[in-house]
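Before any comments, here is the structure.
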Amino acid sequence: MDVLMLSRLQFAAASMFHFLFVPLTLGLSILTAIYETKYVNTGDEDYKRAAKFWGKLFLINFALGVVTGITLEFQFGTNWSAYSKYVGDVFGSLLAIEATLAFYLESTFIGVWVFTWNKVKPKTHALFIWLVAIASNVSALWILIANGWMQHPVGYVLRNGRAELDDFIAVVTNKFGLLEFLHTVSGAYILSGFFVMGVCAWHLLRKNEVEFFKKSFRVAATFTLIFAIFEIFNGHIHGSEVAETQPTKLAAMESIWETQKSAPMYLFVVPDAENERNSVELFPIPGLLSLLSHHSTSAEVKGLKDFPKEERPPVGLTFFNFRIMVGLGFFFGLIAILAWLKRNAPETAPGLLKTLIYTIPLPYLAIEAGWVVAEVGRQPWIVYGLMKTKDAVSILASSQVFISFIAFVAFYAFLGIIDFYLLAKYARKGPEAAK
1 MDVLMLSRLQ
11 FAAASMFHFL
21 FVPLTLGLSI
31 LTAIYETKYV
41 NTGDEDYKRA
51 AKFWGKLFLI
61 NFALGVVTGI
71 TLEFQFGTNW
81 SAYSKYVGDV
91 FGSLLAIEAT
101 LAFYLESTFI
111 GVWVFTWNKV
121 KPKTHALFIW
131 LVAIASNVSA
141 LWILIANGWM
151 QHPVGYVLRN
161 GRAELDDFIA
171 VVTNKFGLLE
181 FLHTVSGAYI
191 LSGFFVMGVC
201 AWHLLRKNEV
211 EFFKKSFRVA
221 ATFTLIFAIF
231 EIFNGHIHGS
241 EVAETQPTKL
251 AAMESIWETQ
261 KSAPMYLFVV
271 PDAENERNSV
281 ELFPIPGLLS
291 LLSHHSTSAE
301 VKGLKDFPKE
311 ERPPVGLTFF
321 NFRIMVGLGF
331 FFGLIAILAW
341 LKRNAPETAP
351 GLLKTLIYTI
361 PLPYLAIEAG
371 WVVAEVGRQP
381 WIVYGLMKTK
391 DAVSILASSQ
401 VFISFIAFVA
411 FYAFLGIIDF
421 YLLAKYARKG
431 PEAAK
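So that you can map any letter, position 337 of the sequence shown is 337 in the numbering used here, and since no number is skipped, the others follow by simple counting.
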């Protein structure tokens with residue numbers, strides 16, 4: 001493999017591994033803050049124990065997210081130096097704000113929160129975890145605004161052979177970036193909600209700390225249902241934005257080859273990219289794709305054949321990952337409704353509790369699939385319509401990238417095993433005993 005492919009594999013491995021930890025960090029920070037706030041409002045010691053228990057799992061996960069995030073940013077300098085040189089004025093400024101504002105605020109108040117239990121007033125202590133939660137999510141906002149700029153570049157001028165920042169407000173209010181942020185953090189909250197409900201289910205089936213885990217379950221069930229429903233509506237709006245700004249990605253997501261008005265949506269499709277067609281198309285619903293993508297049953301949907309072959313994304317990867325993400329999204333909505341209906345007596349529904357345990361890994365699969373749709377579907381562009389991925393890579397020897405790629409995978413696998421072992425160990429251990 002050449003340097004370009006090895007660098008792409010290395011960045012994909014690093015970013016997808018990093019993304020195993022970030023979503024749970026975002027959601028658990030909010031849920032921990034909610035549990036502590038309920039303790040402040042009610043004086044119920046179970047909620048204080050809940051904040052400590054779920055906060056401990058949050059801290060384990062946070063540490064791995066930081067480590068993998070730092071190595072990820074290094075790759076912009078090592079593997080993608082041409083990219084950094086060309087768009088660093090825009091992209092670098094956004095990452096700098098994230099690091100100097102949100103990340104330091106988050107890291108500082110995590111330490112304050114951990115070491116001030118029973119040393120400050122409960123309301124003040126609860127404020128610390130809310131600052132952690134807000135900073136974590138603001139950190140995600142800046143990173144996704146940066147990624148949103150790569151998906152739909154705005155607010156720049158081409159000058160001196162580089163893309164230079166021209167309109168900061170246009171960049172930070174980029175509709176694509178903001179929709180991407182809402183879609184991503186909602187997915188993170190769903191993942192965290194199912195993680196909490198899955199752990200609660202495991203303990204409730206064993207009748208461990210029943211009242212404690214029922215209270216945790218009740219909060220998580222409501223939290224998950226809100227964002228599972230929001231994600232479906234937000235996903236539709238985000239998909240319409242993709243149709244407007246990245247028609248090749250939409251065409252790959254739906255495996256549409258011919259440009260057509262009143263485009264149908266097929267319930268079963270098997271793409272055949274080599275022959276530029278679908279080998280199977282079953283159960284068409286007339287006009288539905290036009291309606292969903294452009295809000296009109298008669299709207300025109302661009303087909304892949306309207307674009308040069310070298311500017312089309314990989315169809316199979318984009319198409320199937322999109323279906324995994326959407327299919328799981330509706331499944332999460334259904335399970336979240338059932339969990340919410342049983343929120344006051346989850347122990348009376350052992351079948352649901354077993355389902356929730358097995359559901360824990362599925363939001364990880366959905367969120368990784370969504371990331372593949374976003375990143376692979378944008379190819380061959382690293383900045384859509386502005387810079388191609390092949391022009392962004394550093395001049396390196398293949399052997400250098402190959403060795404670092406293997407080292408990254410081995411190191412990440414080691415860290416991942418430790419993290420999931422610790423999460424499982426402390427999740428099974430349960431909360432501190434009531435005093």
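Here a beta-carbon is modelled for each residue, glycine too, at the ideal position from N, C-alpha and C.
query: Mind listing, in chain order, the continuous alpha helix (DSSP H) runs of no fewer than 4 residues lying wholly within the region 80-140?; result: 81-97 and 104-115
query: If Phe176 sits next to Gly148, beta carbons under 8 Å apart, how far is it from one beta carbon to the other, in whole angstroms?; result: 5 Å
query: Please say whether Pro23 and Tyr421 have beta carbons closer to each other than 9 Å?; result: no
query: How close, in whole Å, do the beta carbons of Thr389 and Arg8 come, if the pair is a contact with beta carbons under 8 Å?; result: 7 Å
query: Could you tell me the alpha carbon to alpha carbon distance between Ala221 and Phe213, rounded to whole angstroms?; result: 12 Å
query: Leaving aside the five residues before and after Asp306 along the sequence, list all residues of the same chain whose C-beta is less than 6 Å from its C-beta, in chain order.; result: Thr259
query: Alpha carbon to alpha carbon, how far is Gln151 from Pro271?; result: 24 Å
query: When the Cβ atoms of the region 68-86 are set against those of the region 5-20, are three or more pairs found closer than 8 Å?; result: yes
query: Kindly indicate if chain C contains any beta-carbon less than 9 Å away from that of Glu375.; result: No chain C is present in this structure, which holds just one protein chain.
query: Taking the C-alpha atoms as reference points, what is the distance between Leu267 and Leu289?; result: 11 Å
query: For Gly161 versus Tyr83, is the C-beta spacing smaller than 9 Å?; result: no
query: Quick one: grab the DSSP three-state call for Lys435.; result: coil
query: Val199: buried (16+ other C-beta within 10 angstroms of its C-beta) or exposed?; result: buried
query: Between which two residues does the alpha helix (DSSP H) containing Trp257 stretch?; result: Unbroken run through Trp257: none, as it is neither H nor E.
query: Just curious, the beta strand (DSSP E) that Leu20 is in, first and last residue?; result: Unbroken run through Leu20: none, as it is neither H nor E.
query: Tell me the residue span of the beta strand (DSSP E) that contains Phe455.; result: Because residue 455 is not part of the residues shown, which for the chain are 1 to 435, the question remains open.
query: Could you name the residues that DSSP lists as bridge partners for Pro284?; result: Tyr266
query: Comparing alpha-carbon positions, which option in Glu211, Pro431 and Phe319 lies nearest Glu347?; result: Glu211
query: Should Ile403 be labelled buried (16 or more other beta-carbon atoms within 10 Å of its own) or exposed?; result: exposed
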